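Engineer: Protein chains in written order, with the numbering used here: chain H, 11 to 478; chain R, 29 to 231. All C-beta atoms in this analysis are idealised placements derived from N, C-alpha and C, irrespective of residue type, glycine included. Quick caveat, the model's predicted, so the values are computed rather than measured.
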Ligand code: SF4
């Protein structure tokens, strides 16, 4: 009998091309996603060496980071961004890669577009020059972010040199309460194990709370694995997964579909398999979470008090909390509830899917965004935008006084001009609250779409449960 | 890539934990399609004021940083985005090594591919390094995986053996992977049918 294995080991083993003594394993990549920011220097490298893209048929591109999310009939105003976007399109044309750019109905933030096009499937290895590639792990794929040199390696050879990661079981059990969502689960996990807690590991999320999540919610959880230091996080595929993939653009069809499902059903972790590390989280009593600091690990229940650096467990933690509170201009020991905010951003590869917009609409319906607050609602893809509009969500947002945008990364990363002014507070459904992430001097509070929408209505940090 | 040779340098201390790649090089500078010019934008929002004037008290703007090859940083250095622009900016500024108690995975990989050595030291040595006088020089030798403090105290830092060999010989990974072409072709032929190509499903 073979040794029981985790899903992580199964995917790893089936993708090792060769393992030479003294070198890392050569790992085959089934899907390579490409965007405009981390690829130009890689394509340039191929040209310099006279190489082709080995498998353009396993490579898929989009434009998302640098593009505007306002009127797309106008040319891109920022000449540097325009050049970068044009360069991606030219590179894709030259090397024969499908690009769902701004002229395509399939455009979207790369980690929204990949799954919704059916390109992301269970059991795959998926990479992208982007740390939130972990998102695709929701399908039971081993998906991780890489740098531009590695992008070049994969373009040229469809392979990467990798050391085998450690396995980390994250068991999430219990039933989520009203007003508590997938985003709150992952913020709570990062607060628990810290931003370096998963370094060197791949998470497998399991447990009753994970099984109960939709694919969109699982993507929210897997997306932020990197914020806990893990390069990847995945969920074993089940019927929820298969139903999501079935019938999508790049999904297998007919007999191929049946064969694929049969393969995918063998992926879940074997009984008796062991992990290098384990943690468990009971979410029955979980409250909506929010961050108060400048690292995603600085999260707390929205009803809690801002921590006091004086009570930190060591000097290092004391210094980082003190530094964060100084940047955020927040007082230790005071509640965050009721603190004024100026901007609300609902979108990103963490929370820019239909389900997230439905959550926001639940709160905003029949209500108004507080005067003085700017609320940006940015769908994660053109498909999400079309589906939301078909349900009339755009009308709910516009009537509430929010902005309804084109799809893209927008204020998650503030590369395209959508940014905070110095000193402004935003409640954001994105994944990073680093200093200046949403604009120099801007202050980001990470939260779920429900919480963000509630804050838009009141203009202050709010417990969404009071509006549901 | 040039061969990574032993060197010694003074340290630029930045005693902050969790320095993320958005601080190392803010996202708005990632619209470039080349690797050039990033050294001037290294730590931009800490280094310059709103008008773009250098902040005189930020360590990189002080005479002390001039000619330094080693950044001494707090724990979990390089967390956040996968942007390779971070090591590009650090090397263009002149750094050849960063010392910390830990590095984020992707940053570490990216650094090694750009001849920027991520040096992990234990907490006590880390503290000792921060306590060194300004003009103290530390020697870095990759071949023996050691740093040597002014008093002669040596600390070993483990580096992935393959990455170390690549750095010492000045070769990059792609050359090595390209030599595995035959194995890749065999692998692909074995998986025909289970590799999903991006051909849109018909009708
Ligand atoms: S939405 Fe934000 S985190 Fe996601 S890919 Fe875009 S910039 Fe990165």
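Applying the 10 Å Cβ sphere with the 16-neighbour rule, what's the burial state of residue 62(R)?
Structural biologist: Classification of residue 62(R): exposed, given that the 10 Å Cβ count is below 16.
Engineer: Could you tell me whether the Cβ of residue 46(R) comes closer than 9 Å to any Cβ of chain H?
Structural biologist: Yes, contact with chain H.
Engineer: In three-state DSSP terms, what is residue 166(R)?
Structural biologist: The answer is strand: DSSP assigns residue 166(R) an E or B state.
Engineer: Is any heavy atom in the ligand SF4 found nearer than 8 Å to the beta carbon of residue 200(H)?
Structural biologist: Flag unset: Cβ of residue 200(H) not near the ligand SF4.
Engineer: Using a beta-carbon distance below 9 Å, is residue 75(R) in contact with chain H?
Structural biologist: False, the Cβ-Cβ gap to chain H never drops below 9 Å.
Engineer: Taking Cβ-Cβ distances below 9 Å as the criterion, which residues of the stretch 61–72 of chain H are in contact with chain R?
Structural biologist: Those would be 61, 64, 65, 66, 67, 68, 69 and 70, in chain order.
Engineer: Given that a residue counts as buried once 16 or more other Cβ atoms are within 10 Å of its Cβ, and exposed if not, what is residue 330(H)?
Structural biologist: Buried, by the Cβ-count rule.
Engineer: Taking C-beta pairs closer than 7 Å, name the residues in chain H that residue 55(R) reaches, listed in chain order.
Structural biologist: Simply 423, 424 and 425.
Engineer: Could you tell me which of 32(R), 68(R) and 135(R) sits nearest to residue 80(R), measuring between CA atoms?
Structural biologist: Per the Cα distances, 68(R).
Engineer: Three or more C-beta pairs closer than 8 Å, one from the stretch 109–127 of chain H and one from the stretch 194–211 of chain H: is that the case here?
Structural biologist: The stretch 109–127 of chain H vs the stretch 194–211 of chain H: no contact.
Engineer: Within 9 Å of any Cβ in chain R, is that where the Cβ of residue 479(H) sits?
Structural biologist: Chain H is shown only over 11 to 478; residue 479(H) falls outside these bounds and no answer can be derived.
Engineer: So is the beta-carbon of residue 419(H) under 8 Å away from any non-hydrogen atom of the ligand SF4?
Structural biologist: Yes, Cβ of residue 419(H) sits closer than 8 Å to a heavy atom of the ligand SF4.
Engineer: Can you tell me whether residue 46(R) is buried or exposed, with buried defined as 16 or more other CB within 10 angstroms of its CB?
Structural biologist: Burial call: buried.
Engineer: Go ahead and pull the three-state DSSP assignment for residue 20(H).
Structural biologist: Looking at residue 20(H) - three-state DSSP - the assignment turns out to be helix.
Engineer: Anyone know if the C-beta pair for residue 475(H) and residue 188(H) falls short of 9 Å?
Structural biologist: Yes, the Cβ-Cβ distance between residue 475(H) and residue 188(H) is below 9 Å.
Engineer: Considering only DSSP beta bridges, list what residue 191(R) is partnered with.
Structural biologist: According to DSSP, residue 191(R) bridges with nothing at all.
Engineer: Does the contact criterion of 3 or more C-beta pairs under 8 Å hold for the stretch 318–329 of chain H versus the stretch 246–265 of chain H?
Structural biologist: Counting Cβ pairs under 8 Å, fewer than three are found: no touch.
Engineer: Could you tell me the alpha carbon to alpha carbon distance between residue 470(H) and residue 442(H), rounded to whole angstroms?
Structural biologist: Their Cα atoms are separated by approximately 20 Å.
Engineer: Is residue 428(H) near the ligand SF4, in the sense that its beta carbon is under 8 Å from a heavy atom of that ligand?
Structural biologist: No.
Engineer: Given a threshold of 16 other Cβ atoms within 10 Å of its Cβ, counted over all protein chains shown, does residue 136(R) qualify as buried or as exposed?
Structural biologist: Residue 136(R) comes out buried.
Engineer: Spatial neighbours of residue 216(H) within its chain, please: CB distance less than 6 Å, with the 5 preceding and 5 following residues excluded, ordered by chain position.
Structural biologist: 181.
Engineer: Using 9 Å as the threshold, is the C-beta distance between residue 37(H) and residue 70(H) below it?
Structural biologist: Not a contact, by the Cβ cut-off of 9 Å.
Engineer: When we look at the beta-carbon of residue 217(R) and count the other beta-carbons within 10 Å, is it buried (16 or more) or exposed?
Structural biologist: Exposed, since its Cβ has fewer than 16 Cβ neighbours within 10 Å.
Engineer: I believe residue 434(H) touches residue 453(H) by the beta-carbon criterion, under 8 Å. Please report the beta-carbon distance rounded to the nearest angstrom.
Structural biologist: Correct: roughly 7 Å between the Cβ atoms.
Engineer: Who are the near neighbours of residue 472(H) in its chain, counting only those whose CB is closer than 6 Å to its CB and skipping five residues on each side?
Structural biologist: Excluding positions up to five away in sequence, the list reads 464 and 465.
Engineer: Taking residue 43(H) as the reference, which of 134(H), 245(H) and 32(H) has the closest Cα?
Structural biologist: Answer by Cα proximity: 134(H).
Engineer: If you follow the beta strand (DSSP E) that residue 128(R) is in, where does it begin and where does it stop?
Structural biologist: From DSSP, the beta strand (DSSP E) with residue 128(R) extends over 125–128.
Engineer: Got a sec? Which residues, its chain only, sit under 6 Å from residue 385(H) by beta carbon, not counting five neighbours each side?
Structural biologist: If we look at residue 385(H) and ignore the five residues flanking it on each side, its Cβ neighbours are 354, 379, 412 and 466.
Engineer: Beta-carbon of residue 108(H) versus every beta-carbon of chain R: anything under 9 Å?
Structural biologist: Output row for residue 108(H): interface = yes.
Engineer: Looking only at its own chain, which residues have a Cβ that is under 7 Å from the Cβ of residue 192(H), when we skip the five neighbours before and after it?
Structural biologist: So the list reads 223, 227, 230 and 231, once near-sequence residues are dropped.
Engineer: Could you check what DSSP says for residue 87(H) in three-state terms: helix, strand or coil?
Structural biologist: Three-state DSSP puts residue 87(H) in coil, outside helix and strand.
Engineer: Compute the distance between the beta-carbons of residue 261(H) and residue 304(H), then report whether it is under 9 Å.
Structural biologist: Not a contact, by the Cβ cut-off of 9 Å.
Engineer: For chain R, check one thing: does any of its Cβ atoms lie closer than 9 Å to the Cβ of residue 268(H)?
Structural biologist: No, residue 268(H) lies away from the interface with chain R (no Cβ there is under 9 Å from its Cβ).
Engineer: Using a 10 Å radius around the Cβ and a threshold of 16 neighbouring Cβ atoms, would you call residue 155(R) buried or exposed?
Structural biologist: It counts as exposed.
Engineer: Which residues in the same chain have their Cβ closer than 6 Å to the Cβ of residue 38(R), if we skip the five residues on either side of it in sequence?
Structural biologist: So the list reads 96 and 165, once near-sequence residues are dropped.
Engineer: Only counting the same chain, and skipping five residues up and downstream in sequence, which positions put a Cβ closer than 6 Å to that of residue 238(H)?
Structural biologist: Excluding sequence neighbours, residue 238(H) sits near 200, 203, 207 and 208.
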